[in-house]
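Worksheet for the structure shown next.
Protein chains: 2
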Amino acid sequence: MKIEIIPVGDEILIGQITDTNSAWMADKLTRKGFEINAITTVGDCAQDIIGAIDTALLRADVVLMTGGVGPTKDDITKKTLCEYFQDQLIFSEDVLKNIEQLFARKKYTLNELTRNQAFVPENCFVIQNKAGTAPILWFERKNKILVSMPGVPFEMKTAMNNEIIPRLQKHFLPVDYLKCSFLVSGITESALALLLTGFENRLPANFSLAYLPSYGLIRLRLSAWGNENLSELELQKEKLKQLLEHILIDESDKPIETILGEKLRSKKLSISVAESCTGGNIAHRITLVPGSSDYFEGGIVSYSNSIKTNVLNINSATIEKQGAVSEEVVELMAKHISKTMQTDCSIAVSGIAGPDGGTPEKPVGTVWICTQLHNKIVTQKYQFGTSREENINRATNMAILQMIEMVNREV
Amino acid sequence: MKIEIIPVGDEILIGQITDTNSAWMADKLTRKGFEINAITTVGDCAQDIIGAIDTALLRADVVLMTGGVGPTKDDITKKTLCEYFQDQLIFSEDVLKNIEQLFARKKYTLNELTRNQAFVPENCFVIQNKAGTAPILWFERKNKILVSMPGVPFEMKTAMNNEIIPRLQKHFLPVDYLKCSFLVSGITESALALLLTGFENRLPANFSLAYLPSYGLIRLRLSAWGNENLSELELQKEKLKQLLEHILIDESDKPIETILGEKLRSKKLSISVAESCTGGNIAHRITLVPGSSDYFEGGIVSYSNSIKTNVLNINSATIEKQGAVSEEVVELMAKHISKTMQTDCSIAVSGIAGPDGGTPEKPVGTVWICTQLHNKIVTQKYQFGTSREENINRATNMAILQMIEMVNREV
Chain R
1 MKIEIIPVGD EILIGQITDT NSAWMADKLT RKGFEINAIT TVGDCAQDII GAIDTALLRA
61 DVVLMTGGVG PTKDDITKKT LCEYFQDQLI FSEDVLKNIE QLFARKKYTL NELTRNQAFV
121 PENCFVIQNK AGTAPILWFE RKNKILVSMP GVPFEMKTAM NNEIIPRLQK HFLPVDYLKC
181 SFLVSGITES ALALLLTGFE NRLPANFSLA YLPSYGLIRL RLSAWGNENL SELELQKEKL
241 KQLLEHILID ESDKPIETIL GEKLRSKKLS ISVAESCTGG NIAHRITLVP GSSDYFEGGI
301 VSYSNSIKTN VLNINSATIE KQGAVSEEVV ELMAKHISKT MQTDCSIAVS GIAGPDGGTP
361 EKPVGTVWIC TQLHNKIVTQ KYQFGTSREE NINRATNMAI LQMIEMVNRE V
Chain U
412 MKIEIIPVGD EILIGQITDT NSAWMADKLT RKGFEINAIT TVGDCAQDII GAIDTALLRA
472 DVVLMTGGVG PTKDDITKKT LCEYFQDQLI FSEDVLKNIE QLFARKKYTL NELTRNQAFV
532 PENCFVIQNK AGTAPILWFE RKNKILVSMP GVPFEMKTAM NNEIIPRLQK HFLPVDYLKC
592 SFLVSGITES ALALLLTGFE NRLPANFSLA YLPSYGLIRL RLSAWGNENL SELELQKEKL
652 KQLLEHILID ESDKPIETIL GEKLRSKKLS ISVAESCTGG NIAHRITLVP GSSDYFEGGI
712 VSYSNSIKTN VLNINSATIE KQGAVSEEVV ELMAKHISKT MQTDCSIAVS GIAGPDGGTP
772 EKPVGTVWIC TQLHNKIVTQ KYQFGTSREE NINRATNMAI LQMIEMVNRE V
């Protein structure tokens with residue numbers, strides 16, 4: 001059984017937004033044992049939508065469409081589906097009632113355009129949208145299923161979780177997708193591949209090993225389809241684990257901030273952060289994790305030197321002499337923040353994110369990271385690239401990683 | 412002239428990563444006057460890659476492929492392209508030299524797998540990758556162009572900017588894409604559409620108006636292809652602007668943190684932030700903007716109540732009595748941070764991001780935002796939803812917006 005996703009919207013094709021829906025859907029569906037074979041994005045143009053549906057129905061059993069179902073004129077998915085399936089729109093009192101309830105809750109006034117959302121194709125199964133006004137349309141034709149749902153992330157997620165995935169599970173017996181993941185660091189992708197050459201050559205044909213490098217980390221995914229491969233997966237996993245021992249961060253595909261959080265919680269350690277070039281991103285990543293208030297006390301973003309002096313109490317002569325991006329300053333930042341916020345651990349980062357501000361001695365991408373745990377500190381200098389966003393993300397990853405390693409060593 | 416993008420990689424289809432490359436490419440290409448007609452994502456599977464190329468070459472003039480060109484076994488794009496074009500791999504000394512230079516700079520050791528990256532199809536034009544080891548392959552067949560490039564974002568961007576876009580511009584005369592954008596807030600999508608019904612009905616047929624709602628903001632894009640529509644666009648733009656007057660934030664499609672930054676810079680105002688539930692995300696968003704150190708001094712993330720008391724000097728009795736998520740506390744946070752960091756403006760946020768921590772009086776999604784400019788303050792309560800990530804993003808947007816509006820009113 002194969003699924004194809006068709007996101008619809010000019011805003012994706014002109015690059016105004018990044019399509020994050022498809023990754024969320026693919027992740028959810030894969031975990032439930034469904035296989036995605038393609039994602040085809042097209043614009044708000046009937047001919048292109050029809051072309052994409054034609055191709056998708058040839059190669060997939062289920063087509064999941066997102067977007068183009070809003071109340072405005074540029075949204076043509078519903079009309080186009082009517083054309084495609086030679087159907088006609090009828091007014092649904094049930095959909096209207098659902099919209100009225102939603103609007104009553106939000107204290108919005110119902111207008112004509114919103115009321116028009118209650119028109120639905122006559123020959124399809126209509127699923128009520130519990131988070132928005134556009135109904136979810138479920139078509140079944142010649143053993144194939146096509147579902148149209150909103151592109152608004154929250155509405156799509158609500159519909160997928162509560163309605164679409166459960167219904168797909170009733171229709172199809174999903175084949176279990178078996179996977180184990182490893183997170184490694186401190187090695188290039190090609191050196192890692194060389195290290196694993198023998199392992200990969202001896203891997204059974206129905207297993208696959210994928211490499212996913214991202215901002216200084218590499219995720220490895222060993223996978224196979226079907227529960228009959230479970231014991232073989234365990235065997236291969238152990239072999240792989242032995243080979244990775246010296247570079248292994250974690251046996252999961254969790255975000256590293258989640259890994260750090262779990263370790264801090266299990267060892268009952270609290271943490272604070274002092275950030276310069278990462279500008280709050282480390283605190284942001286740590287607090288994306290639900291329940292992070294159990295271990296995260298807070299942080300200071302000392303973007304200007306005067307904040308480093310006035311708020312973090314770093315002697316201005318030290319900054320003058322060593323520079324804000326230096327071993328001395330980053331260590332003082334770490335020590336001060338954990339003292340002020342009374343935490344067991346702290347992370348401090350100071351660097352030059354770019355695009356400006358570099359010098360021959362300290363080019364853009366120079367970053368000092370200090371992690372502290374009780375009376376121990378580790379300070380390291382990193383040299384990243386020239387892209388601001390890349391430097392912020394790399395520094396954030398390396399800082400979290402450095403902290404994970406330190407917590408790991410703590411008995 | 413139409414372009415289709417084909418991202419290749421199992422990691423996208425299983426939802427392990429979000430494809431951010433395509434949005435970046437689409438944005439760059441659209442701005443240069445090229446039109447993207449589809450984005451088709453397939454896995455690391457020869458048959459699927461070939462199928463996608465076949466379809467793409469039927470409907471597009473240029474096919475841009477990303478990914479599947481790493482040194483590891485799961486990367487099969489190069490081999491598959493060889494098969495597709497009935498070509499063979501030959502060893503390129505030029506590519507090897509490029510890799511050796513790159514590795515010398517990074518102080519990496521060259522290994523066999525990396526050396527294999529220098530094998531390239533015989534009948535294609537090879538572009539050196541200045542940021543990585545995989546060469547960029549440019550095929551020309553029967554008036555169509557197909558380019559294969561790395562999926563690593565930094566390598567893709569370097570190749571696109573320096574080589575691929577300039578070469579496409581030489582090959583084709585791009586048709587100018589005319590667009591103007593408006594950012595509005597404080598209105599639902601359907602109410603906005605109703606407001607613009609008359610305008611949309613009278614809009615010339617070759618113009619289009621698109622709505623793009625995101626976390627409390629709506630972006631409107633009025634567009635047309637071809638420079639001959641320039642004066643008509645100006646006319647329509649003025650009409651639209653008058654209709655939007657009372658809800659207009661900005662006439663651009665810039666991120667709101669960039670808009671805030673420009674306004675602060677032009678009025679010579681400095682800013683600091685005190686964050687609770689947004690956990691550093693406001694500081695992060697502000698500092699994503701290059702040059703933000705001109706106006707951003709720093710911030711404090713006071714995640715726990717003890718940090719609110721000990722670092723932000725908020726009386727613990729006030730927190731006890733009013734709760735950390737309250738008008739009083741958020742105002743004290745704003746006042747204290749601007750005083751400590753000696754800034755003209757400040758933003759303070761306190762709320763319940765969820766999924767836990769809500770009460771009947773203050774359910775998950777309750778957020779207080781205070782913005783301050785010299786001796787004026789504005790404090791507002793917002794009620795968002797139940798998703799943690801959504802609440803963090805909405806609170807961040809509303810806080811930045813509230814600050815923009817305050818700076819706008821400052822003479």
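Taken in order, these protein sequences are the chains called R and U.
In this text, residue positions in the first sequence follow our numbering: the first is 1, and each later residue adds one.
In this text, residue positions in the second sequence follow our numbering: the first is 412, and each later residue adds one.
Ideal Cβ placement from N, Cα and C applies to all residues, glycine included.
- The C-alpha of Gly357(R) lies about 26 Å from the C-alpha of Gln512(U).
- Apart from the 5 residues on each side of it in sequence, His747(U) sits with its Cβ closer than 6 Å to the Cβ of Leu723 and Asn724 in its chain, given in chain order.
- The C-beta of Phe502(U) has fewer than 16 other C-beta atoms within 10 Å across all chains shown, which makes the residue exposed.
- Residue pairing from DSSP places Cys180(R) in a beta bridge opposite Leu222(R).
- Following the DSSP letters along the chain, one finds Met560(U) in no alpha helix (DSSP H) but inside the beta strand (DSSP E) bounded by residues Lys555 to Met560.
- Among the residues of chain R, none has a CB under 8 Å from the CB of Ala457(U); the nearest is roughly 13 Å distant.
- At a cut-off of 8 Å between beta-carbon atoms, Asp421(U) makes contact with chain R.
- DSSP places Glu446(U) in the strand class (E or B) of the three-state scheme.
- Interface annotation, Met436(U): in contact with chain R, CB-CB separation under 8 Å.
- Here Arg613(U) is exposed: its Cβ has fewer than 16 other Cβ atoms, across all protein chains shown, within 10 Å.
- Residue pairing of Arg141(R) in beta bridges, as defined by DSSP: Lys144(R).
- Distance check between Pro766(U) and each of Gly323(R), Gly291(R), Ile17(R) and Glu228(R) places Gly291(R) closest, using alpha-carbon atoms only.
- Taking the beta carbon of Phe565(U) as reference, the chain R residues within 7 Å of it are Gly385, Ser387 and Glu390, listed in sequence order.
- Annotated as distal: Gln372(R) and Ala324(R), with beta-carbon spacing of 8 Å or more.
- Between the C-alpha atoms of Ser387(R) and Trp435(U) there is a straight-line separation of about 14 Å.
- Annotation: Ser185(R) to Val740(U) spans about 42 Å, alpha carbon to alpha carbon.
- With fewer than three CB-CB distances shorter than 8 Å, the stretch 249-256 of chain R does not count as touching the stretch 690-699 of chain U.
- CA-CA distance, His785(U) to Gly426(U), rounds to 47 Å.
- Pairwise C-beta distances place the stretch 267-283 of chain R in contact with the stretch 382-401 of chain R, as three or more of them are shorter than 8 Å.
- CA-to-CA, the gap between Val364(R) and Lys381(R) works out to about 13 Å.
- At a cut-off of 8 Å between beta carbons, Lys73(R) contacts chain U.
- For Asp253(R), at least one C-beta of chain U is nearer than 8 Å to its own C-beta.
- Between Ile247(R) and the set Phe207(R), Leu196(R) and Asn229(R), the nearest pair of CA atoms involves Leu196(R).
- A straight line joining the alpha-carbon of Arg516(U) with that of Asp505(U) spans about 17 Å.
- Closest by C-alpha distance to Ile428(U), out of Asp27(R), Gly385(R) and Leu269(R), is Asp27(R).
- Interface annotation, Phe296(R): in contact with chain U, CB-CB separation under 8 Å.
- In the DSSP assignment, Lys679(U) falls outside any beta strand (DSSP E) and carries neither an H nor an E.
- Here the alpha carbons of Leu521(U) and Tyr295(R) stand approximately 43 Å from one another.
- With the rule of 3 Cβ pairs closer than 8 Å, the stretch 441-454 of chain U does not count as touching the stretch 530-545 of chain U.
- The Cβ atoms of Thr133(R) and Ile99(R) sit closer than 8 Å to each other.
- Taking CB atoms only, Gln16(R) has a neighbour in chain U less than 8 Å away.
- Among the residues facing chain U, Thr41(R) is included, as its CB has a counterpart in that chain under 8 Å away.
- According to DSSP, residue pairing for Lys652(U) in a beta bridge does not occur.
- Separation of the CB atoms of Ile400(R) and Leu260(R) is rounded to 5 Å, and the pair is thereby assigned contact status at 8 Å.
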